[in-house]
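All remarks here apply to the structure that follows.
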RNA sequence: GCGGGAGUAGCUCAGUUGAUAGAGCAUUAGCCUUCCAAGCUAAGGGUCGCGGGUUUGAAUCCCGUCUCCCGCUCCA
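Numbering (this note's numbering), first residue to last: 264 to 779.
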């Protein structure tokens, strides 16, 4: 696997109708992609694999589909409004980008350091007789610095409060803040990057409510916790699963569909009794890894990545990473989110969000273990794992390459192609009759154009696991050639057996059976 | 936002010193009737990313602009 393979994968995705650049005829829209006729099938199958593994296989996990628009206060409570508004500034010489607020905080820290130095010096000079409080209150140099610090701090706080970006830049210039890399003070303007997209709800501009497009689906689950728990008579521990779109205004969004501005998440929030969360965290870690590995792409291509730094709401966090052509990258995150979110919503909404535990005889706010996986990343992962260029020798002894998507049959967009060996003598009609039998259960495709070998290769390229070929013998004995994608082996089978063979190969059951 | 690279047919690309826009593959129709791709015949398809300038004449030279890709900053 290499960068080169990745480029081919991107081209392949477009050429065979999996992924298109959004708004392509208008020169495209950055970091937004559309799923084509094959992409949407694959994506739907991935979602089904996830959804059923959660909701069908766990009797204490139920589904939800909450709206993308939510009350704006939700994002205050969750911390998204405050935590993800970074004022950024670039140094034109070093080409490095910094957070303007961090640069100013560093300037403040420098002044503090100066004062500390004075105090240290004085301490040494006066020995035991040293009165630090008095020194700080009287020493002219300390006072001067303190004054400077206070002034800067106030200016900084005001600028942040007013969201005054020009002022932030001016503060940096006035305080001679230099770039640590280049040492120069050649700065660009300060620009604000907001994580969340905002829009207005309501018909008139002045009466409109500013609402956000959700940056994660999780909050829709948290705010519905009581609804689901009560109406579903759910007992701890239990989970709520949701698949849905989320939106993040990424500063730099690249790497194809790996990081997009509009993307889809599959999240499950598992509510547990406080104190048991780390056990459940371990349990879900294992369950989720098993879900990934059951697809058969090789255990060596997955690993856990433990988070060193934890987010403000978490007490444990781990990523499931897959070996992409461009390195190990996160596909799924598993987080122990404590009771942070529910407590925040309890506080901001003023509504009690608790669980009455009959064993304990009291109510408490449940703890949450989250599993969160990106559908698009999973899609890319499946494509990367399946894409294969095979060297082979053709019938004439010539070297040849075959491009094949070795998709798990359960996920393949098209399950079976049915084709007449030649397009006459009633063979096309026979082929269509077979499709008419099977199309209610399996996505089938008909193809009569070009040589049979060429048609097989076209199907390989979109990962179709089976090709059925109708020939003259079919008309006599109702048998067809069944050709297998991965081995290219052919079997002669009766038409009446096709349903059973397909059902066996394509049902998610065989994947679920492997799950731990 | 900065730096680098790139935009010509659906795809991959050629296009000389500035003079009627090219190939292969793909597509469509027909021929062939073939069990592992690229046989034969024909056809369709392009304001050469966009705008301006120089010129008798611009895909080509100049200026501007947009988009995409790579790197940096960010990533709950």
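Using N, Cα and C, we set each Cβ at its ideal position, and we do this for glycine too.
* Asked: Tell me which same chain residues have a C-beta within less than 7 Å of the C-beta of residue 299, skipping the five on either side of it?
  -> 280, 281, 282 and 283
For this session: Have a look at residue 361 and residue 372 and give me their C-alpha separation to the nearest angstrom.
Result: 16 Å
Which partner residues does residue 366 have in the DSSP bridge list?
-> None; residue 366 has no bridge partner.
Drop a sphere of 10 angstroms on the beta-carbon of residue 731, count the other beta-carbons inside from all chains shown, and report buried for 16 or more, exposed for fewer.
-> buried
Quiz item: What does DSSP give as the partner residues of residue 652 in its beta bridges?
Solution: 666
Rounded straight-line distance, which links the Cα of residue 777 to that of residue 566:
19 Å
In three-state terms, what does DSSP make of residue 780? The structure shown does not extend to residue 780, since the chain spans only 264 to 779, so no value can be given for it.
Count the other CB atoms within 10 Å of the CB of residue 689; is the residue buried (16 or more) or exposed (fewer)? exposed
_Going by DSSP in three states, residue 703 sits in which element: helix, strand or coil?_
coil
request  = Starting from the C-beta of residue 338, find all residues in its chain whose C-beta is less than 7 Å away, skip the five residues before and the five after it, and write them out in chain order.
outcome  = 344, 459 and 475
With 16 as the cutoff for other CB atoms within 10 Å, does residue 312 come out buried or exposed?
buried
* Asked: Name the DSSP beta bridge partners of residue 475, please?
  -> 461
Q: Check residue 405 in the structure and name its three-state DSSP category.
A: helix
Can you name, in chain order, every residue of its own chain whose Cβ lies under 8 Å from the Cβ of residue 684, other than the five neighbours on each side?
-> 690, 715, 732, 733, 734 and 735
- Message: With DSSP as the reference, identify every bridge partner of residue 627, one or two as the case may be.
- Response: 618
What residue from 432, 625 and 595 has the CA that sits closest to residue 365's CA? 432
**Euclidean distance between Cα positions of residue 382 and residue 439** = 25 Å
Contacting residues, own chain, Cβ-Cβ under 7 Å from residue 539 (five flanking each side not counted): none
Item checked: Residue span of the alpha helix (DSSP H) that contains residue 610, given as start and end -> 603–612
Helix, strand or coil: how does DSSP classify residue 595 here?
strand
Is the beta carbon of residue 769 less than 7 Å from the beta carbon of residue 673?
yes
Run the CB neighbour count on residue 592, radius 10 Å, all protein chains shown included, and call it buried at 16 or more, exposed below.
buried
Review point. Count the other CB atoms within 10 Å of the CB of residue 600; is the residue buried (16 or more) or exposed (fewer)?
Key: buried
task: Please confirm whether residue 678 and residue 702 have their CB atoms less than 7 Å apart.
output: no
> Along the chain, where does the alpha helix (DSSP H) that runs through residue 241 open and close?
Replying inline: No statement about residue 241 is possible, as the shown extent of the chain runs from 264 to 779 and does not include it.
### Query
With distances taken from CA atoms, which of 378, 597, 490 and 546 is nearest residue 568?
597
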